[in-house]
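Participant:
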Amino acid sequence: MRTELIIGETAFTDLAGEWDQLAAKGFTATPFQTLAYQRAWWTHLGPEGAILLTVITRNDDDELIGIGCFYSVGGLLHFNGCVEETDYLDLIASNDHAERVWQATWECLQRSDVPQWTTLELCNIPADSPTRSILPALAQKYSISIQEEIMEVCPIISLPKSMDAYLESLDSKQRRELNRKLRRAEAAGIETIIVEEPHDIDVEVDNFLDLLQKSTYEKRDWLNAGRRALFHEVGRAALEAGTLQLMFTTLEGQRAAALFNFDYRDRIWVYNSGLDPAAFSALSPGVIITAEAIAQAINLGRREFDFMRGDEEYKYRFGATDTKIYRLRIERA
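Each residue of the sequence shown is one higher than the one before, starting from 8 at the first, in the working numbering.
1. To test your reading of the DSSP string, which unbroken beta strand (DSSP E) runs of 3 or more residues are found completely within the region 151-178?
2. Which same chain residues, not among the five before or five after residue 271, have their C-beta less than 6 Å away from its C-beta?
3. Please state whether DSSP places residue 281 in a helix, a strand or coil.
4. Assuming residue 238 is part of the alpha helix (DSSP H), what are its boundary residues?
5. Are there 16 or more other CB atoms within 10 angstroms of the CB of residue 112, so buried, or fewer, so exposed?
6. Just the C-alpha distance for residue 27 and residue 42, rounded to the nearest angstrom, thanks.
7. Write down every uninterrupted run of the alpha helix (DSSP H) in the region 80-153 whose length is 4 residues or greater and which is fully enclosed by it, in chain order.
8. Which whole-angstrom value is the C-beta distance of residue 68 and residue 8, which I expect to be below 8 Å?
9. Which residues mark the beginning and the end of the beta strand (DSSP E) in which residue 328 is found?
10. Residue 73 by DSSP, collapsed to three states: which one?
11. If you measure between the beta carbons of residue 312 and residue 164, is that distance less than 7 Å?
12. Do residue 58 and residue 122 count as a contact pair if the criterion is CB distance below 7 Å?
13. Which residue wins for smallest C-alpha separation from residue 178, given the options 333, 11, 25 and 327?
14. Considering only the beta carbon of each residue, do residue 283 and residue 162 sit closer than 7 Å?
15. Go through its chain and collect everything with a Cβ distance to residue 64's Cβ below 6 Å, but skip five positions before and after it.
16. By Cβ distance, which residues of its chain are closer than 6 Å to residue 6, with the 5 residues on each side in sequence left out?
17. Determine the DSSP secondary structure at residue 312, reduced to helix, strand or coil.
18. Relative to the C-alpha of residue 154, which candidate in 54, 232, 218 and 132 has its C-alpha closest?
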């Protein structure tokens with residue numbers, strides 16, 4: 008087994024033929040470990056003055072078995088993508104190789120040719136990641152301190168086999184309310200559009216971002232030029248890969264609500280949403296589009312519907328239960 012350090016964004020081109028194959032087998036296999044997302048985040052949102060450091064691990068047959076994509080800035084070492092825009096981050100390796108790859112990655116990061124860093128701070132680590140047990144063991148082995156804290160919750164729905172079964176799983180009050188809103192929307196003629204080829208994806212992403220900005224003042228202020236570019240690049244790549252689920256609710260040609268989702272590895276990942284509060288709000292378009300997305304996920308046979316970060320009340324009304332993501336912090340000896 009051997010490791011190699013790649014400094015700079017050439018890692019994305021050097022590993023283009025291998026990255027996604029490994030990411031799909033990873034112990035944390037989410038849309039955020041894909042090459043397209045990692046490259047887009049670094050290109051548009053990498054911090055000023057940061058250095059991209061990618062540690063790759065290969066076995067004796069020269070097969071890629073590990074990718075640790077980090078950036079170093081101000082003495083801190085983070086996973087590429089940390090923190091605001093990326094819901095799940097982790098080392099990229101299979102469960103079978105997790106411990107060996109972390110050991111090799113850690114040893115590589117101690118080398119003298121690695122830009123100087125003092126603290127390894129890893130954000131958005133899923134609760135079930137082996138990283139949460141491997142790194143404390145490494146810290147103990149090398150007599151260095153490690154801290155772990157809960158960052159946020161990610162509410163998830165475990166999906167049944169049918170929409171009827173899903174509705175039966177809801178609280179009776181919520182079930183009646185949701186059925187009432189769905190009937191009203193159908194009677195009013197609300198339609199759901201899912202963006203597919205040959206839609207102009209850049210136009211559709213702009214339509215989505217327009218609704219996102221209208222949702223709240225916080226989202227309006229959050230959507231800077233870098234994040235706008237991220238949505239466009241990731242949207243194009245996901246559409247090409249067949250993993251984009253960009254949805255709109257419309258009435259008489261007017262778009263009122265939108266979801267920017269990923270359909271990846273038997274799960275729907277709700278990355279962000281948009282809503283025009285002034286567009287037929289009495290018909291609850293935000294509720295309707297979420298219900299339609301859940302129905303679509305069930306029809307496609309998906310196992311889970313992941314609302315991702317945030318404990319907004321509406322997620323629990325749809326039957327989601329919390330999972331957690333963590334921050335790990337290791338002070339270098």
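Cβ coordinates follow ideal geometry from the N, Cα and C atoms, glycine included.
Facilitator: Well, looking at it:
1. With a minimum length of 3 residues, the continuous beta strand (DSSP E) runs that stay inside the region 151-178 are 153-165.
2. Within the same chain, residue 271 has close Cβ partners 38 and 250.
3. strand
4. 232-248
5. buried
6. 6 Å
7. 105-116 and 138-148
8. Actually they do not touch by this definition, with Cβ atoms about 10 Å apart.
9. Segment 328-338, the beta strand (DSSP E) holding residue 328.
10. Residue 73 falls in the strand class under three-state DSSP.
11. Cβ atoms of residue 312 and residue 164: closer than 7 Å.
12. Their beta carbons are under 7 Å apart, which means residue 122 touches residue 58 by this criterion.
13. Nearest C-alpha to residue 178: 327.
14. In this structure, residue 283 lies away from residue 162, with their beta-carbon atoms at least 7 Å apart.
15. For residue 64, where only same-chain residues beyond five positions count, the Cβ hits under 6 Å are 10, 72, 73, 108 and 111.
16. Not covered by the structure: residue 6. The range shown for the chain is 8 to 340.
17. strand
18. 132
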